[in-house]
Amino acid sequence: MTEMHEFSQQPLVLIVDDQSSNRSIVRRYVEAAGYLAAEAEHGMAALEFVRQTPPDAILLDIFMPGIDGIEVLKTIRAQRDHHYIPVIVVTAAAELAVRQQAYFEGADDFLLKPVDSATLRARLRAAIRLKHVLSRVEAERERFALIADITRDITRIESISGMLAHVVEVSSKALHADHGNLFLLHDVADVEILTTDNGVAHNLERVKRVVKEGAAGYALRSRETVRIADVRDDSRWLALDQSAASVRSALIVPIGDASGPLGVLAVYHSIIDHFSADDQVLLELIAHQIIGPIRQAQMREQLARQTRQLQLVNNLAQSLSANLDLDSLYRSIEQELQQIMGPVAIAWYSYRNAVIDLAYTSQRDAFCMPNDQPSLHVLTELGTITKVYACVLGDDTLVPITQQLLDSGYQGCAAVPLHHQARLLGVLIIAIKDRHITNEEVALLEMARPHFAVALANAQTVADQAARQTEQAELGYLRNMAQLAGQMAHHFNNLLAVILGNTQLAELDAVDEAQRELLSEVVKHVRGGKDMVQRIHLLKGASRSNPAPFPIDLSEALPSLIDQALQVHHSVEDLRLEIQPNLYVLLQERDLLTLCIELLNNALESGSSHAGIVIKAYQTEHATVLAFRDAGQGIPADAFGDIWQPFWTTHGPQRLGLGLPICAAVMWRASGSISLIPNDPEPGVTALLQFPLLPSEAMNLT
48 MTEMHEFSQQ PLVLIVDDQS SNRSIVRRYV EAAGYLAAEA EHGMAALEFV RQTPPDAILL
108 DIFMPGIDGI EVLKTIRAQR DHHYIPVIVV TAAAELAVRQ QAYFEGADDF LLKPVDSATL
168 RARLRAAIRL KHVLSRVEAE RERFALIADI TRDITRIESI SGMLAHVVEV SSKALHADHG
228 NLFLLHDVAD VEILTTDNGV AHNLERVKRV VKEGAAGYAL RSRETVRIAD VRDDSRWLAL
288 DQSAASVRSA LIVPIGDASG PLGVLAVYHS IIDHFSADDQ VLLELIAHQI IGPIRQAQMR
348 EQLARQTRQL QLVNNLAQSL SANLDLDSLY RSIEQELQQI MGPVAIAWYS YRNAVIDLAY
408 TSQRDAFCMP NDQPSLHVLT ELGTITKVYA CVLGDDTLVP ITQQLLDSGY QGCAAVPLHH
468 QARLLGVLII AIKDRHITNE EVALLEMARP HFAVALANAQ TVADQAARQT EQAELGYLRN
528 MAQLAGQMAH HFNNLLAVIL GNTQLAELDA VDEAQRELLS EVVKHVRGGK DMVQRIHLLK
588 GASRSNPAPF PIDLSEALPS LIDQALQVHH SVEDLRLEIQ PNLYVLLQER DLLTLCIELL
648 NNALESGSSH AGIVIKAYQT EHATVLAFRD AGQGIPADAF GDIWQPFWTT HGPQRLGLGL
708 PICAAVMWRA SGSISLIPND PEPGVTALLQ FPLLPSEAMN LT
């Protein structure tokens with residue numbers, strides 16, 4: 048019935064006639080002209096052939112059984128895809144009415160039987176040439192319409208990601224590609240956005256390598272389209288992932304203008320040499336048309352982002368200007384950064400009195416650093432930086448981040464050193480999830496940095512004032528308690544002295560051994576009472592008869608005093624001393640010994656071993672600091688308000704609870720201060736004693 052047409056460069060002519068002899072004659076003429084020929088014996092067969100394999104021309108008889116030639120002609124012309132197929136009517140009917148009807152229904156030419164070979168060949172050549180011209184014009188019209196539609200549609204899409212996805216989808220369909228990609232560049236070397244069909248996600252580092260080293264990179268550098276017939280034989284091809292293994296041919300077009308490269312648009316197919324020169328022209332036209340809308344969208348998004356970020360900075364400045372306590376301020380900073388940058392984890396390392404302390408963290412396990420010299424050195428180095436320091440986690444040793452953040456998907460990091468009035472407050476460390484920190488975010492953090500510094504300085508000042516007020520109230524209470532305890536100790540001391548003297552006399556006159564043992568036990572308890580009274584007396588402090596305080600060089604005095612304080616505890620070889628030279632405090636040596644005894648006893652009673660005790664002495668801008676660090680059980684958080692009260696203890700009724708109150712009384716008399724700082728996250732606490740700096744002439748007296 049019909050002959051199926053395989054793809055060829057030769058035009059295909061369909062001969063439709065119900066007479067086989069007519070078809071045979073015409074077929075010989077067609078093939079002699081260099082065309083392929085196919086036959087249909089009736090109208091229905093002709094329409095089916097055209098539906099399956101549109102020919103380049105049709106030689107159509109009019110009078111046939113069933114569907115005649117006029118109906119076949121009307122049906123073909125009603126179909127848009129077959130509108131330009133030339134149809135030459137070949138009939139024996141010479142009537143003018145037949146010819147007029149044929150032309151009216153869309154016939155391109157009219158021949159009477161019997162057909163002359165030369166005439167048929169000339170009419171076919173002209174018809175097929177015209178068909179090719181019209182098809183070419185139609186194809187160009189469709190391409191221009193497609194480009195116009197892309198330009199119109201992408202300007203209606205608000206998000207740039209949606210815009211790029213639309214371009215990839217339309218480009219793939221227009222070129223009958225399997226899938227495509229669109230890469231945009233953040234700068235010449237860095238990929239900002241990757242858009243693919245079907246939402247395929249790619250490893251960003253792999254994409255960067257493809258854009259730098261592969262055919263995409265070649266297209267960007269040369270600004271020329273790369274058409275790869277077979278990716279397996281092309282050394283420039285770098286597959287993005289496993290899904291790209293099915294790619295056999297590719298077409299990659301650079302996107303850019305006088306302002307510089309913008310990115311690349313690529314389409315792929317699983318058939319070798321799928322893309323033609325016409326496909327290349329079309330994709331280049333598409334790439335050229337989308338440059339303007341993409342740059343405008345980028346500018347809109349950048350402007351919107353900058354406006355949003357400036358508004359957030361303004362909101363941040365307003366929220367931080369409120370009188371917030373430190374904990375509320377840390378949480379407020381975290382919340383504002385979440386709005387600006389998305390999922391972040393923050394940590395605030397505070398610098399106070401040359402001590403680096405983790406004051407706040409949103410991810411405790413991830414941000415806790417070992418309290419060792421290398422870590423402290425790293426933080427000190429960060430404190431010397433005068434601008435925001437951005438880096439990639441895992442690639443930088445300067446920012447102290449632990450492995451937990453990397454395991455949780457955090458990639459970018461920024462260290463923000465905060466200074467106020469030439470004083471370092473600390474370093475704010477920000478880790479961001481699933482991406483790197485952008486240049487815009489670094490600029491934003493630079494804008495927010497002064498607001499952070501002022502807010503933290505104000506909150507710290509308020510906290511210090513509140514602490515001083517509390518300290519003054521506690522010192523007043525302690526002074527009153529010390530006076531009362533001193534008076535009680537004086538009376539009890541006299542009473543115990545009388546009891547002890549009489550008991551010792553009675554012991555000499557004892558009549559038997561049982562009486563002597565009883566009196567000996569009384570003497571032991573009375574002496575214990577006298578020792579307790581003497582410790583209570585320490586709360587009252589020095590009397591006028593005691594010698595005046597004198598400048599003491601800690602580097603010379605501390606080792607021997609520590610040795611005396613720990614005589615009852617045997618070995619002290621594991622205890623670590625770190626004392627800077629030429630450190631002086633104005634204090635009686637007896638009071639310094641009392642501090643050492645009480646604090647070391649307190650550390651050992653808390654469960655710390657000698658190896659866990661570290662004593663440091665150093666000087667800051669405002670004070671001479673003596674720090675006793677232990678590794679014991681620490682102090683419960685709810686107990687910090689009571690530990691300075693005499694006779695309050697966490698060690699049970701067998702302890703007096705006088706150690707820390709005695710130390711507080713000694714520091715009060717020395718015009719200094721004492722505070723306890725938990726060794727978070729490590730066990731134990733650090734007792735921080737701060738003495739006023741002595742003038743140089745006072746130290747010269749020594």
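Going from the sequence shown to this note's numbering is simple: count from 1 and add 47.
Virtual Cβ for every residue (Gly too), placed ideally from N, Cα, C.
Keep in mind that this is a model prediction, so the values were computed, not measured.
- Taking S375 as reference, the option from A506, E271, L440 and Q385 with the minimal CA-CA separation is A506.
- Residues I117, L120, K121 and R124 of the same chain have their beta carbon placed closer than 8 Å to that of E152, with the five preceding and five following residues left out of the count.
- Beta-carbon to beta-carbon, V136 and F157 are separated by about 5 Å, close enough to satisfy the 8 Å threshold.
- The same chain holds no residue with a CB closer than 6 Å to that of A286 once the five nearest residues on each side in sequence are set aside.
- Under the DSSP assignment, V713 falls in the alpha helix (DSSP H) whose first and last residues are G706 to R716.
- If you draw a straight line from the Cα of L107 to the Cα of V63, it comes to about 5 Å.
- Per DSSP, the unbroken alpha helix (DSSP H) holding R637 starts and ends at E636 to E652.
- E603 sits in a helix when the DSSP states are folded into three classes.
- Here DSSP, grouped into helix, strand and coil, assigns D404 to strand.
- When DSSP states are grouped into helix, strand and coil, L735 belongs to the strand group.
- Within the segment 657 to 685, complete beta strand (DSSP E) segments of at least 3 residues are found at 661 to 666 and 670 to 676, given in chain order.
- At least 8 Å separates the beta-carbon of A658 from that of D610.
- The criterion of a C-beta distance shorter than 8 Å is not satisfied by R253 and Q327.
- Taking one beta carbon from each stretch, the segment 207 to 226 and the segment 312 to 324 have 3 or more pairs nearer than 8 Å; the two touch.
- The segment 462 to 474 makes contact with the segment 383 to 403: 3 or more CB pairs, one atom from each, lie closer than 8 Å.
- Closest in C-alpha terms to Q57, from the list V77, D225 and V73, comes V77.
- I132 counts as buried, since no fewer than 16 other beta carbons sit within 10 angstroms of its beta carbon.
- In this structure I709 is in contact with E645, their Cβ atoms being roughly 5 Å apart against a cut-off of 8 Å.
- For L601, the closest C-alpha among the options A169, Q627, D65 and L350 is that of Q627.
- The straight-line gap separating the alpha-carbon atoms of T508 and V257 is approximately 54 Å.
- Residue state for T272 is assigned as coil, using DSSP reduced to three classes.
- Per DSSP, reduced to three states, the secondary structure at S164 is helical.
- By the criterion of a C-beta distance shorter than 8 Å, G681 is surrounded in its chain by S653, P725, N726, P730, G731 and V732, once the five residues flanking it on both sides are discounted.
- In the DSSP assignment, the residues bridged to F157 are V136.
- Exclusion of the five residues before and after N648 leaves G706 as the residues of its chain whose Cβ lies within less than 7 Å of its Cβ.
- By alpha-carbon distance to Y82, the top candidate from L94, D103, E348 and E488 is D103.
- It is roughly 17 Å from the alpha-carbon of A144 to the alpha-carbon of K160.
- Taking 4 residues as the minimum length, the alpha helix (DSSP H) runs contained wholly in the segment 104 to 136 are 116 to 124, in order along the chain.
- In chain order, I599, T671 and F738 place their CB closer than 6 Å to the CB of V632, counting only its own chain and leaving out the 5 sequence neighbours on each side.
- Around the beta carbon of G441, fewer than 16 other beta carbons sit within 10 angstroms, so the residue counts as exposed.
- In the three-state DSSP reduction, D511 falls in the helix class (H, G or I).
- Distance from the Cα of A263 is smallest, within the candidate group D277, A276, I432 and I302, for I302.
- For Y398, the three-state secondary structure derived from DSSP is strand.
- A664 is positioned such that its CB atom lies no closer than 8 Å to that of L651.
- Between G310 and L229, the C-beta gap is smaller than 8 Å, which places the two residues in contact.
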